[in-house]
Amino acid sequence: MKLQPVIICTVSFIFGQIPLSSATPIQWQASNGGNDHWYDWIQTSLNWTDSREHAETQYFEGIQGHLVSITSAEEDDFVQTLFPAETDRIWFGGYQLNNDAEPDGNWAWVTGEDWVYANFLYNNDGLGDHQDFLQWWEGGWDDAWDVAINSNDWPNMGYIVEFESNPVPEPTTALLFGTGLLGLARFMKKTK
Ligand SMILES: [Ca+2]
Ligand SMILES: [Ca+2]
Ligand SMILES: [Ca+2]
813 MKLQPVIICT VSFIFGQIPL SSATPIQWQA SNGGNDHWYD WIQTSLNWTD
863 SREHAETQYF EGIQGHLVSI TSAEEDDFVQ TLFPAETDRI WFGGYQLNND
913 AEPDGNWAWV TGEDWVYANF LYNNDGLGDH QDFLQWWEGG WDDAWDVAIN
963 SNDWPNMGYI VEFESNPVPE PTTALLFGTG LLGLARFMKK TK
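Numbering-wise, the sequence shown is residues 813 to 1004 according to the numbering used here.
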């Protein structure tokens, strides 16, 4: 019983080190028409450039992350399930090349994927000149300046990270597989 305070202190110390900003990534499953990629909403007050770098330091099941690329209406719909619709100021991995003024467009994804889909709230004329970085804003996409976000004004700010590949087998699958091998080894030993 004397150990209890030590345990409580240790537990709170450990949990104090875990970023509160990140939940477990959620998979857009192929069985639901997805690509089996994993996505997560990271709550930070970083600007777009720093969020891009931060996303690339994120790993899930050994897979490196990147700021989300959204290349279909279906992927857009899935990404929107990761945060409340009324949430503003969430960075996505789109940016404008060459600091172009609107309506020039010239949008690109951090992944180099083709810009084949967009969901801007306003028509091109309403997009901001030299606002070159893609964010979620009041129910749709918007271009924004590359500025850090005041967390007092925007408590749910952050970015979406995407992990491209399928993870390693679930522990239960690995365990079953291992148990199967063990059974096979025993069977072969017996039959020798
Ligand atoms: Ca994507
Ligand atoms: Ca712009
Ligand atoms: Ca804008």
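Quick reminder that beta carbons are idealized off the backbone N, C-alpha and C, glycines included.
Problem set entry | Element boundaries [alpha helix (DSSP H), containing F890] | Here the question's residue 890 lines up with position 78 in the sequence shown. First-last of the alpha helix (DSSP H) with F890: 885-892.
For this session: Assign S884 to buried or exposed, taking buried as 16 or more other Cβ atoms, counted over all protein chains shown, within 10 Å of its Cβ.
Result: Counted from its first residue, the sequence shown places residue 884 at position 72. Counting Cβ neighbours within 10 Å, S884 comes out exposed, since fewer than 16 surround it.
Exercise. Tell me, which residues are paired with E974 by DSSP?
Worked result: By one-based count along the sequence shown, residue 974 stands at place 162. The partner list for E974 (beta bridge, DSSP) reads Y851, H878.
For this session: Check whether the Cβ of E974 lies closer than 7 Å to any heavy atom of ligand 5, and answer yes or no.
Result: The model depicted lacks ligand 5 and carries ligand 1, ligand 2 and ligand 3 instead.
For this session: Would you identify the three-state DSSP class for W860, choosing helix, strand or coil?
Result: By 1-based counting over the sequence shown, the position of residue 860 is 48. W860 falls in the helix class under three-state DSSP.
Exercise. Are the beta-carbon atoms of G906 and W919 separated by less than 8 Å?
Worked result: Residue mapping note: residue 906 aligns to position 94 of the sequence shown, counting from 1. Residue mapping note: residue 919 aligns to position 107 of the sequence shown, counting from 1. In contact: G906 and W919 (Cβ atoms closer than 8 Å).
Exercise. In terms of residues, what are the limits of the beta strand (DSSP E) holding W919?
Worked result: Within the sequence shown, the letter at position 107 stands for residue 919. Start and end: 919-921.
Problem set entry | Continuous beta strand (DSSP E) stretch holding F945: start and end | Translated into positions along the sequence shown, residue 945 becomes position 133. It spans 945-949 - the beta strand (DSSP E) in which F945 sits, taken as one unbroken run.
Problem set entry | Cβ neighbour criterion (16 or more within 10 Å) applied to G940 | In the sequence shown, the residue the question calls residue 940 occupies position 128. Counting Cβ neighbours within 10 Å, G940 comes out exposed, since fewer than 16 surround it.
Problem set entry | Three CB pairs or more closer than 8 Å across the segment 881-895 and the segment 925-935 | yes
Problem set entry | Beta-carbon proximity list for E898, same chain, < 7 Å, skipping 5 on both sides | Working through the sequence shown from its first residue, we reach residue 898 at position 86. Nothing listed; no residue qualifies.
Exercise. In angstroms, rounded to a whole number, what distance separates the CA positions of P979 and Q876?
Worked result: The residue labelled residue 979 in the question sits at position 167 within the sequence shown. The residue labelled residue 876 in the question sits at position 64 within the sequence shown. With a pLDDT of 48 at P979, under the threshold of 50, the modelled position of that residue is not reliable, and the figure given next carries that caveat. Going from the Cα of P979 to the Cα of Q876 covers about 11 Å.
Exercise. Over what stretch of residues does the beta strand (DSSP E) that includes G940 continue unbroken?
Worked result: Indexing the sequence shown from 1 puts residue 940 at position 128. It is not in any beta strand (DSSP E) - G940 carries neither H nor E in the DSSP assignment.
Problem set entry | Simplified DSSP state of A956, which is helix, strand or coil | To locate residue 956, count along the sequence shown from 1; it is residue 144. Looking at A956 - three-state DSSP - the assignment turns out to be strand.
Exercise. So does G887 have its beta carbon nearer than 7 Å to some heavy atom of ligand 1?
Worked result: Within the sequence shown, numbered from 1, the residue matching residue 887 stands at position 75. For the record, residue 887 in the displayed sequence is Glu; it is not Gly. Flag set: Cβ of E887 near ligand 1.
For this session: Could you tell me if the beta carbon of Q943 falls within a distance shorter than 7 Å of some heavy atom in ligand 3?
Result: Indexing the sequence shown from 1 puts residue 943 at position 131. Yes, Cβ of Q943 sits closer than 7 Å to a heavy atom of ligand 3.
For this session: Using alpha carbons as the reference points, say which of N931, P837, E950, Q855 lies closest to M1010.
Result: Because the chain in this structure spans residues 813 to 1004, residue 1010 falls outside the shown range and cannot be described.
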